[in-house]
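Reading through the structure tokens given below for one structure.
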Amino acid sequence: MSSDVSLFKLEDVSIAVGNGIVLSNINLEVSRGEVVFILGCSGVGKSVLAKAMAGFLPLAEGSCVRNKEVSLLGFHSFGLSIELTLEENARLRSLYLSSIEASKKTLDDFFHFTGLSDYRHLKLGAVPSTLRSRFAASLYMFHKGGVAVMDGGLSLDAGLSDTSVKAIYDTVISNFEAFVFISKKRPKVLSNISKCYELSSAGLRLVLP
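Below, the structure is given as structure tokens:
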């Protein structure tokens, strides 16, 4: 896979929330095949950056070029219904499948792989928040292409081994053309990072490579 095709670019960006500028001096380019990690302390504006990248917040200054769809893998489970069971929510995400039999097999594999089989018939609103986060992120196994932005508030590791968590990360990442993870600490199972940035009040600074 070529890594020189630009999929997403922020240039001289400032982001405002309410009447105040929260982030400024943001410059970031993500190319095909890259796994980008952005480190930031609590309260620095990590979730603001993630939402702006996906188009949920407007830019106060600067430009944003999205050559591919940008999906936000967020803690708040966008597009899911707390009144539906986990299986019903997952089935809605996999409607592209050609038959009920194929869909059932895919869902069986999905729930086994993510360690959520015991919860598949519970309503999403009745499931603990850590498991709800894992479910919401894992649904992106059904997604293909574009850029994924994962907000660090998302928890995958409750009750799972490091090996299982790494398998979920690797599977989700492989379904996208590029992956951006924003958090206050790097998950030990997140490997193959192409670039690492530090987010602060001064902007975004490249620290690796």
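One point on numbering: in the working numbering, the residue at position 50 of the sequence shown is 61, and numbering is uninterrupted. From the three backbone atoms N, C-alpha and C, an ideal C-beta is built for every residue, glycine too.
Backbone CA spacing between residue i and residue j [nearest angstrom]
i	j	result
R104	Y208	32 Å
I93	N100	9 Å
V47	S202	10 Å
K79	V158	7 Å
S144	N30	31 Å
S185	G214	29 Å
F153	F121	9 Å
F19	E40	6 Å
K7	L95	For residue 7 there is no data in the structure shown, the boundaries of the chain being 12 and 220.
L142	D129	11 Å
R197	D119	31 Å
L91	Y151	12 Å
R216	L171	33 Å
H123	F187	22 Å
I32	K115	48 Å
V191	L68	17 Å
Beta-carbon proximity check, residue i vs residue j, cutoff 8 Å
i	j	result
L21	I37	yes
I179	T125	yes
S211	V55	yes
D173	V200	yes
L127	L83	no
I193	L60	yes
E45	A137	no
V183	S149	yes
V81	V28	no
Outcome for residue i when other beta-carbon atoms lying within 10 angstroms are tallied against a minimum of 16
i	result
K57	buried
V76	exposed
V218	exposed
S140	exposed
S42	buried
A65	buried
R131	buried
S53	exposed
A147	buried
P220	exposed
For residue i, the residue or residues it bridges with in DSSP
i	result
I32	A27
K134	T96
L50	S194 and E209
The segment 65-72 in contact with the segment 20-34 per 3-pair CB rule at 8 Å: yes
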